[in-house]
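Student:
Here's what the structure looks like:
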């Protein structure tokens, strides 16, 4: 089981981000019959350092750990590190992070398209943290018809494209399916939509999530995945804390049964103000 303290209280793992509110402030991930395990890794990382080095080190460690374990398949990844948007152009720390991760993948002979669902968020901790859920069987990668796959982003976003699936689908023991949804923002195709408008970005991110759910339902042949339900959970990362009350109201109007947790965090693009990730079953 992986305990994640979202409000900074002691736990096995936590993003170290300010808790803004919502329906829950703590997560406990568990799996039956020893089918999944958590891997929590960290490297020292300063806001003015090159993020490529700790990223490469963490992903090399992760790949080695997976290779030595029966839990050999990554299903969900979370990346948290400071000053994610610091630096100009290709020196931006998120772009450098992508370079470091890419080097580790290349060294292991892995392609970007083989990656699972993931999130990368900036905070104030003085470390880069990688939290992974790994299973004994691979998941199913799900893409979003409204968005370009991350590994196909054009060069304008950096010398190395991001590497993650929009979601990972997994089969559950009660003849249902689970969907681990990546951090989803206001991106259409590969372009940021509605820069500077937190509520419009919230609506666009929500439309992306609806499209992703519909696609997952078709790919996995699980009609129950097509819409969020009472057992669905979402983490909402908000760049400016003061935007949360209006964002919360907008999301509850759209999905009344969806349980929310809001954290203050920086999104991987400086013009993005909100990002939403989720766990969903159907």
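Numbering (the numbering used here), first residue to last: 1 to 282. All C-beta atoms, glycine included, are put in the ideal place defined by N, C-alpha and C. The model shown is predicted, which means the values in this text are computed figures rather than measured ones.
Is it buried or exposed, residue 232, if we count other Cβ atoms within 10 angstroms and call 16 or more buried?
Tutor: buried
Student: Any chance you could list the alpha helix (DSSP H) runs of at least 4 consecutive residues sitting entirely within the stretch 244-270, in chain order?
Tutor: 244-254
Student: Out of 24, 105, 123 and 119, which has the shortest C-alpha to C-alpha gap to residue 45?
Tutor: 123
Student: According to DSSP, is residue 130 part of a helix, a strand, or is it coil?
Tutor: strand
Student: Could you pull the start and end residues of the alpha helix (DSSP H) that residue 61 belongs to?
Tutor: 52-67
Student: Given that a residue counts as buried once 16 or more other Cβ atoms are within 10 Å of its Cβ, and exposed if not, what is residue 216?
Tutor: buried
Student: Would you call the stretch 181-194 and the stretch 134-141 touching, i.e. three or more CB-CB distances under 8 Å?
Tutor: no
Student: Nearest by alpha-carbon distance to residue 191: which of 102, 224 and 148 is it?
Tutor: 148
Student: Starting from residue 207, trace the alpha helix (DSSP H) both ways and give me its first and last residue.
Tutor: Looking at the DSSP string, the run of the alpha helix (DSSP H) that includes residue 207 is 198-219.
Student: What does the alpha-carbon distance come out to for the pair residue 353 and residue 197?
Tutor: Nothing can be reported for residue 353: it is not among the residues displayed for the chain, which extend from 1 to 282.
Student: Helix, strand or coil for residue 226? Go by DSSP, reduced to three states.
Tutor: helix
Student: Which residue wins for smallest C-alpha separation from residue 94, given the options 48, 20 and 222?
Tutor: 48
Student: How close, in whole Å, do the beta carbons of residue 182 and residue 117 come, if the pair is a contact with beta carbons under 8 Å?
Tutor: 4 Å
Student: Going by CA-CA distance only, name the one from 256, 273 and 258 that's closest to residue 264.
Tutor: 273
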